[in-house]
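Residue numbering for the sequence shown is 1 to 71, as defined by full-length UniProt numbering. Idealized CB from N, CA, C, for every residue including glycine. Report on the structure given below.
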Amino acid sequence: MISKRDLHDAQWRKSSHSGASGGSCVEVSDDFPGVVPVRDSKVADGPVVSVEGTAWSSFVGAVKGGEFPGR
């Protein structure tokens, strides 16, 4: 389990597709081997969802592959 302190001290990054406006974005951290914490970039101290690393990779691959139609 990842502690709140570890999450607070983590380095977070946004997608390069977020754009300059910083609208509805998620941030992820690469600081935790095997787990990818995900949070809302607008609520940095809000809840965090932790996703198993291979599941996150599969999700990102599906998004990049167009498996989720856009708006």
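| Item | Value |
| --- | --- |
| Close Cβ partners of Arg13 (< 7 Å) along its chain, the five nearest in sequence each way excluded | Glu27, Val28 |
| Beta-carbon gap between Ser50 and Cys25 smaller than 8 Å | no |
| Three-state secondary structure (DSSP) of Asp9 | helix |
| Cα-Cα separation, residue 73 to Gly65 | This structure cannot settle anything about residue 73, because the visible part of the chain is limited to 1 through 71. |
| Helix, strand or coil at Ser50 [DSSP, three-state] | strand |
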